[in-house]
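Visitor:
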Amino acid sequence: MRAQDLRVLILAVVLCFPAATQAQSQGPVRITLDEAIQMALQHNHALAAARTVIQQNEASEITANLRPNPVFTADAQFLPVFNPNRFSADYINTTAQFDAGLSYLFERGRKRQHRLQAAKDTTAVTRSTVADNERTLEFNVASQFVSVQLAESTLALAQEDLKSFQNTVDISESRYKAGDISEGDFLKIKIQVLQFHSDVAQAQLAKVQALVGLRQFLGYESVPQDFDVAGDFDYSPVTLKLEDLQAKALQTRPDFRAAQQGVTAAQSQYELQKAIGKVDVTGTANYDHVSATSAASFFGSFQIPIFNRNQGEIARTHYAITQAQELERAASDQVMSDVLDAYEGVHENDQVVSLYRAGYLDAAKQSRDISEYAYKRGAASLLDYLDAERSYRATELAYRQSLAAYLTAVEQLREAVGVRTLP
130 MRAQDLRVLI LAVVLCFPAA TQAQSQGPVR ITLDEAIQMA LQHNHALAAA
180 RTVIQQNEAS EITANLRPNP VFTADAQFLP VFNPNRFSAD YINTTAQFDA
230 GLSYLFERGR KRQHRLQAAK DTTAVTRSTV ADNERTLEFN VASQFVSVQL
280 AESTLALAQE DLKSFQNTVD ISESRYKAGD ISEGDFLKIK IQVLQFHSDV
330 AQAQLAKVQA LVGLRQFLGY ESVPQDFDVA GDFDYSPVTL KLEDLQAKAL
380 QTRPDFRAAQ QGVTAAQSQY ELQKAIGKVD VTGTANYDHV SATSAASFFG
430 SFQIPIFNRN QGEIARTHYA ITQAQELERA ASDQVMSDVL DAYEGVHEND
480 QVVSLYRAGY LDAAKQSRDI SEYAYKRGAA SLLDYLDAER SYRATELAYR
530 QSLAAYLTAV EQLREAVGVR TLP
């Protein structure tokens, strides 16, 4: 290695080392809910595959707008292939026959325009369908994001409980050595520590699994392996009118818009089939050379629509319009039902969370603290203290689960309305 190359390598290592140290000190990448949704919309592979259907339909629009190709024909007749001695310029000019022709199919009934319109309407339905896939993906990401937040909150609670109970174990050990409590009570307390360690391990596993599920929605390549989430896992009331939400959903839900566009697409197909029932004309122009004479011929041909006038497809697409209209009404009913279900879900979960916040959380904590204080000073039994500790943990865990259910219900309401920001 040359000296100059060695100096460049050393300089690069020196420059990269502080950057690597700084990146390591910053910890894992933390993303917010909005950032997670944007990553999913950009990198989710299932959604990317669905978007290609739009491109395929746009290519179909090109095909639908193409005109028929002209047809060129040529022939040579009466050539003395089996009697080559007769080949001469005079024979070719006076006896052999040569023809060249050009024919073209003239489409009637504006078939090309109807094909193009039908293809465009199909593309419009596909765009709305992909938008609905995006709506579903946003809810899945938000729901999984809440699962990660629940797992982190549960882990923090388990670690806090373990730390607090470990202090109780230390005090109990001192009391045992001093003869204030029996060995049996001290062993019961030590055994109880196992449950706290188990809670921490289960919470850590739940967090890892929740992050893996979230990363699958985001796309594995969009975030590093040690990423984490950022955002408050807290209660925020939602006060909205059901009628306003339902009216907004009918304006914004892409699946309902796709159903409306499906009616338009069905009507386009009906018009296209009626146009196909129109008879096309094929025109042909020929140049002929025979008997030392050059001449031109013109032909026209078309089918006689005695039997096939495309009656079947015209009738089928006419019924398809009725089908699309019924599907539109069904989609409208589905939107109204989704919003109502989500609204009631938010309302019910809000009541549960409010009950916890109204005093049950404080009561459970005070009961645990009083029992712990009394037990450490010998004024309460071990069973009373352990029972208060279990009640506190169960209450705190149930509150966090109820809060996660409420936040998920809010996300369900956003999905039902079809917007990220509720009106």
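For what it's worth, this note's numbering labels the leading residue of the sequence shown as 130, then goes sequentially.
Idealized CB from N, CA, C, for every residue including glycine.
Have a look at A280, S483 and E442 and flag the residue whose alpha-carbon is nearest the alpha-carbon of V367.
Guide: The option with the nearest alpha carbon to V367 is S483.
Visitor: Classify I160: buried if its beta carbon has 16 or more other beta carbons within 10 angstroms, exposed otherwise.
Guide: Buried.
Visitor: Report yes if the C-beta distance between L343 and V329 is below 9 Å; otherwise report no.
Guide: Result no, Cβ atoms of L343 and V329 do not sit closer than 9 Å.
Visitor: Determine the burial state of D363: buried for a count of at least 16 other Cβ atoms within 10 Å of its Cβ, exposed for fewer.
Guide: Exposed, by the Cβ-count rule.
Visitor: What span of residues does the alpha helix (DSSP H) with Q454 cover, start to end?
Guide: First-last of the alpha helix (DSSP H) with Q454: Q440 to L484.
Visitor: Kindly identify the DSSP beta-bridge partner or partners of D357.
Guide: Answer by DSSP bridge pairing, in chain order: R159.
Visitor: Assess, as a yes-or-no matter, whether the segment 246 to 254 is touched by the segment 289 to 296 under the definition of 3 or more beta carbon pairs within less than 8 Å.
Guide: No, because fewer than three Cβ pairs between the segment 289 to 296 and the segment 246 to 254 fall closer than 8 Å, the two stretches do not touch.
Visitor: Let me know if V392 comes out buried or exposed under the rule of 16 or more other beta-carbons within 10 Å of its beta-carbon.
Guide: Counting Cβ neighbours within 10 Å, V392 comes out buried, since at least 16 surround it.
Visitor: Can you tell me which of V539, A424 and F431 puts its alpha carbon nearest to the alpha carbon of D409?
Guide: Here the closest residue by C-alpha is F431.
Visitor: Can you find a C-beta in chain C that's less than 9 Å from the C-beta of Q273?
Guide: No chain C appears in this structure, which consists of one protein chain only.
Visitor: In angstroms, rounded to a whole number, what distance separates the CA positions of A487 and Q480?
Guide: Cα to Cα, A487 sits roughly 10 Å from Q480.
Visitor: Might you give, ordered along the chain, the residues of its own chain that have their beta carbon closer than 7 Å to the beta carbon of N478, omitting 5 neighbours on each side?
Guide: So the list reads S531, A534, Y535 and A538, once near-sequence residues are dropped.
Visitor: Tell whether a beta-carbon distance below 9 Å holds between G547 and R382.
Guide: For G547 and R382, yes; Cβs fall inside 9 Å.
Visitor: Can you tell me whether Q389 is buried or exposed? The criterion is at least 16 other CB atoms within 10 Å of its CB, across all chains shown.
Guide: Looking at its Cβ environment, which holds 16 or more other Cβ atoms inside 10 Å, Q389 is buried.
Visitor: Can the beta-carbon of E400 be found closer than 9 Å to that of H243?
Guide: Yes; because the gap between Cβ atoms is below 9 Å, this pair is in contact.
Visitor: Indicate whether the contact test is met: 3 or more Cβ pairs, each with one atom in the segment 220 to 231 and one in the segment 259 to 266, closer than 8 Å.
Guide: At 8 Å Cβ cutoff, the stretches do not touch.
Visitor: Please state the DSSP three-state secondary structure of V419.
Guide: Three-state DSSP puts V419 in a strand.
Visitor: Find out if the Cβ-Cβ distance for the pair A425, N415 is shorter than 9 Å.
Guide: Yes.
Visitor: Would you report the Cα separation of I193 and N212, rounded to the nearest angstrom?
Guide: One point to set straight first is that residue 193 is Ala, not Ile, in the sequence displayed. Looking at the two C-alpha atoms, the distance is approximately 51 Å.
Visitor: Short of 7 Å in beta carbon distance, which residues of its chain neighbour G474, apart from the five on each side in sequence? Order them along the chain.
Guide: A538 and Q541.
Visitor: Can you give me the start and stop residues for the alpha helix (DSSP H) that S432 sits inside?
Guide: A small correction: the amino acid at residue 432 is Gln; Ser does not occupy that position in the sequence shown. Here Q432 belongs to no alpha helix (DSSP H), and DSSP marks it neither H nor E.
Visitor: Just how far apart, CA to CA, sit A285 and K370?
Guide: Each residue's Cα considered, the two are about 36 Å apart.
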